[in-house]
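Notes to accompany the following structure.
Residue numbers (our numbering): 267 to 517.
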């Protein structure tokens, strides 16, 4: 009689890449992962905006015409809906799935931070405590969490104004004119502008890269290391491009 460990292991049927279609909870999970796809398009629009400001008034006019196209407005509307769904699920789920201790919550409460915003510190602490030594995963999880907060808090209003209302001609704020943006960059010269670009573009890029990388793994596409290199590498390159455009605009 074979009593080896292999013989006693229960049989598990192989999971297909369509496993998420079986239950509503899984479908909602994959939908939440997919919210970053329209986000990537809107972040591309922001990079195009920075490039246009840096190139001059003629290029800014071309950017304005690009944003007014119907398919661009439709994708930015989808990005806004995705950001709202992300915001709803992000702050609702993270406090539940990550382990918490009373000490951290008490400290955050002392500085007046609402409980629903504790997810960033919770994810960072959990990532650093639960990963092996010499692993880079805590870095990506921290960037993912910070980018998720920016995606949920900062970007919806910008998507609404820059991606929908302004192209449709429903609003025309001074800061969305070429002279107004130049004045805005002049006022936020140096570190403030870089911090703003980091919060609005760079961190959401890493949030998107993290979701796409793990989404591909969930769909069993394989090549995990290649996916990791491409996703995080592109996020890093585009982040450096955004910061370089901000500095060039202020030069």
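Ideal Cβ positions, reconstructed from N, Cα and C, are used throughout, including at glycine.
Note that the structure is a prediction, hence the values are computed from the model and not measured.
Between residue i and the rest of its own chain, which residues show a CB-CB distance below 6 Å, the 5 nearest in sequence each way excluded?
| i | result |
| --- | --- |
| residue 447 | 319 |
| residue 333 | 433 |
| residue 298 | 355 |
| residue 376 | With a pLDDT of only 36 at residue 376, under the threshold of 50, the placement of this residue in the model should not be trusted; the figure read from the coordinates follows. Result list for residue 376: empty, nothing under 6 Å. |
| residue 477 | 299, 302 |
| residue 421 | 349 |
| residue 514 | 320 |
Beta carbon of residue i, beta carbon of residue j: below 8 Å?
| i | j | result |
| --- | --- | --- |
| residue 416 | residue 457 | no |
| residue 305 | residue 408 | no |
| residue 436 | residue 471 | no |
| residue 356 | residue 414 | yes |
| residue 512 | residue 313 | no |
| residue 418 | residue 349 | yes |
| residue 463 | residue 501 | no |
| residue 308 | residue 345 | yes |
| residue 479 | residue 497 | yes |
| residue 323 | residue 455 | no |
Under three-state DSSP, which class holds residue i?
| i | result |
| --- | --- |
| residue 502 | helix |
| residue 448 | helix |
| residue 518 | The question about residue 518 has no answer here: the residues shown for the chain are numbered 267 through 517. |
| residue 454 | coil |
| residue 464 | helix |
| residue 324 | helix |
| residue 439 | coil |
| residue 484 | helix |
| residue 420 | coil |
| residue 372 | In this prediction, residue 372 scores a pLDDT of 46, lower than 50, which makes its location untrustworthy; the coordinate-derived value is nonetheless stated afterwards. Here residue 372 sits in helix by DSSP. |
| residue 489 | coil |
| residue 389 | With a pLDDT of only 49 at residue 389, under 50, the local geometry of the prediction cannot be trusted, and the value read off the model is given with reservation. Looking at residue 389 - three-state DSSP - the assignment turns out to be helix. |
| residue 494 | helix |
| residue 331 | helix |
| residue 354 | helix |
| residue 343 | helix |
| residue 515 | helix |
| residue 401 | coil |
| residue 282 | coil |
Please work out which residues of its chain come closer than 7 Å, Cβ to Cβ, to residue i, disregarding the five sequence neighbours upstream and downstream, and give them in chain order.
| i | result |
| --- | --- |
| residue 335 | none |
| residue 469 | 409, 412, 413, 416 |
| residue 441 | 447, 450 |
| residue 341 | 304, 307 |
| residue 326 | 318, 319, 444 |
| residue 402 | none |
Which same chain residues, not among the five before or five after residue i, have their C-beta less than 8 Å away from its C-beta?
| i | result |
| --- | --- |
| residue 310 | none |
| residue 438 | 432 |
| residue 339 | 333, 429, 430, 433, 434 |
I want to see whether chain B comes within less than 8 Å of residue i, judged by CB atoms only; does it?
| i | result |
| --- | --- |
| residue 293 | In summary, chain B is missing from the structure at hand, where a single protein chain is found. |
Taking only heavy atoms of the ligand SAM into account, decide whether any of them is closer than 7 Å to the Cβ of residue i.
| i | result |
| --- | --- |
| residue 288 | Among the components modelled here there is no ligand, and therefore nothing to report on the ligand SAM. |
Count Cβ pairs between the stretch 483-500 and the stretch 425-433 that sit closer than 8 Å; are there 3 or more?
no
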